[in-house]
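My numbering applies: residue 2 is where the sequence shown begins, and numbers increase by one.
Structure, as C-alpha cells:
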Amino acid sequence: MSRMINHTSPIVGGLVKVVLDTNALLAPFSRGIWLEDELQRVLGGVEIYVPSSVLEELRRLSGGMPEARAALLLASRYRTVEVSGRGDEGVLEAASRLGAVLVTNDARLRAEARRRGIRVAFLRTMSRLEVEG
C-alpha cells in the first residue's frame with residue numbers, strides 16, 4: 002500500500018500519527034514489547050506509518066536475520082510513506098513531513114529528531130514506551 006503522504010497534522014481523524022524506525026519494528030521480536038499496545042497506552046489512538054527507507058533496510062537484513070523477516074511482516078500492517086532519504090534521514094523526513102511522533106530507541110536518531118523539533122517515543126525500560134517533546 003505504498004503512496005505519498007503529504008499531511009502535516011499530527012492527528013488524523015482523532016488518531017496520533019507515528020512513524021516507526023527499524024529498531025522499533027524489531028522491538029516486538031527482540032524485546033517482547035507489544036508495540037501497538039504501548040503506543041496506545043502512551044498516545045491513545047494511533048495511525049502508524051513506516052518509511053520506505055525502513056522497509057529497504059529490513060529487506061537487506063532479512064536474509065540473515067529472522068527477526069527482520071518478522072518485522073517486515075509486521076510493517077505490512079501499516080501505511081508506507083515514500084521518502085527520498087535513505088536510512089535515518091528517510092525516517093526523519095517522514096516524521097517531519099507527517100508531523101508525526103517518531104518511535105525509535107536509537108540515541109543518535111532521537112537526539113537529531115529532538116533537534117529538529119520532532120516528538121519522540123522510546124523504550125524507557127525493556128517493555129515500556131515514553132514520549133519526549
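C-beta atoms are modelled at their ideal positions from N, C-alpha and C, and glycine is treated no differently.
Secondary structure in the region 81-112: the beta strand (DSSP E) runs of 3 residues or longer, each lying completely within the stretch, are 102-104 in chain order. Scanning its chain for C-beta atoms nearer than 6 angstroms, with the 5 sequence neighbours on each side dropped, one finds around Arg87 the residues Ser54, in chain order. Taking a contact to require three or more Cβ pairs closer than 8 angstroms, the region 60-68 and the region 89-100 do not qualify as touching.
Counting C-beta atoms within 10 angstroms of its own C-beta, Ala25 has 16 or more neighbours from the protein chains shown and is therefore classed as buried. About 10 angstroms separates the Cβ atoms of Val104 and Ala114, ruling out a contact at the 8 angstroms cut-off. Cβ contact annotation for Val47 (same chain, cutoff 7 angstroms, sequence separation greater than five): Leu16, Val17, Val19, Leu40, Gln41, in chain order.
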